[in-house]
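Residue numbers (this note's numbering): 3 to 215.
The next block holds one structure in the form of structure tokens; read it before the comments.
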Amino acid sequence: PQVSTDEGSAFILCSVVLIGESGVGKSNLLSRFTKNEFNHDSRTTIGVEFSTRTVQLNQFTVKAQIWDTAGLERYRAITSAYYRGAVGALLVYDISKHLTYESTERWLKELYEHADPHIVVMLVGNKTDLESLRTVPTDEGRAFAEKKGLMFMETSALDSTNVEAAFNEVLTAIQKKVASRQVTRGSISAVTLSSPIGPTETQEKQSTCCKSS
3 PQVSTDEGSA
13 FILCSVVLIG
23 ESGVGKSNLL
33 SRFTKNEFNH
43 DSRTTIGVEF
53 STRTVQLNQF
63 TVKAQIWDTA
73 GLERYRAITS
83 AYYRGAVGAL
93 LVYDISKHLT
103 YESTERWLKE
113 LYEHADPHIV
123 VMLVGNKTDL
133 ESLRTVPTDE
143 GRAFAEKKGL
153 MFMETSALDS
163 TNVEAAFNEV
173 LTAIQKKVAS
183 RQVTRGSISA
193 VTLSSPIGPT
203 ETQEKQSTCC
213 KSS
């Protein structure tokens, strides 16, 4: 992320990606968070689209560029290029479609192949408004997230449940990582997420470490 400071406060510009199968609600999660809008006739995303939102977290002003990536296989080469600059990711599945949940491990593997190894990742079970059609139990999603060292939340872009909370938790984790790397001389413009957090060896441990920071 790009970081600048003035008068005791800091400004962070960071990129976050939304990934997961087509139709799980990524575009509506983005529009709900950035514009408080929901489109019932949301079309399939072509390639990559993005929107921004600025939030105040502790003493930090965080401007998030949130990239909505296409879930369709034919766009994979395009979308994976956007993983490289991202410091946060929301991996989304539809709680009413178990296949979209089953594919999250593949999405996670692809993300880690291209992204910064210290990327903040949250597993998001979307469409909790379809509770009567649920095929992925909350405990199953949470257990998978814990196993992989990810944050976890269930959301509904339709009725807004936990949408703010999910994005803000990811952005707060990013902000904490930046804050923990403040350099001397009163400037943190040199801060990046590329340096290791500690003597961690595996992706799983690094992700867990990020979560608890």
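Positions of the beta carbon are idealized from the N, C-alpha and C atoms, including for glycine.
All of these numbers come straight from a predicted model, not from anything done at the bench.
Roughly how many whole angstroms lie between the Cα atoms of residue i and residue j?
i	j	result
Thr106	Thr36	24 Å
Asn128	Asn38	16 Å
Arg144	Gln61	31 Å
Asn41	Ala12	34 Å
Lys179	Cys16	12 Å
Lys99	Leu160	16 Å
Glu171	Tyr77	28 Å
Ala1	Gly25	Past the boundaries of the shown model lies residue 1; the chain is included only from 3 to 215, so the question cannot be answered.
Ile14	Val57	10 Å
Taking 7 Å as the limit between beta carbons, can you name the residues of its chain near residue i, skipping five residues before and five after?
i	result
Ile174	Strictly speaking, residue 174 in this sequence is Thr, with Ile absent from that position. Leu59, listed in sequence order.
Ser162	Arg34
Taking the beta carbon of residue i as the centre, do at least 16 other beta carbons fall within 10 Å, making it buried, or is it exposed?
i	result
Ser29	buried
Ala88	buried
Leu110	buried
Lys150	buried
For residue i, which three-state DSSP category applies?
i	result
Leu20	strand
Gly90	strand
Ser44	coil
Ser158	coil
Thr137	coil
Asp118	coil
Between the options, which lies nearest to residue i when the distance is taken from Cα to Cα?
i	options	result
Ile97	Val165, Glu166, Leu152 and Leu135	Leu135
Phe52	Thr63, Leu31, Asp43 and Val123	Leu31
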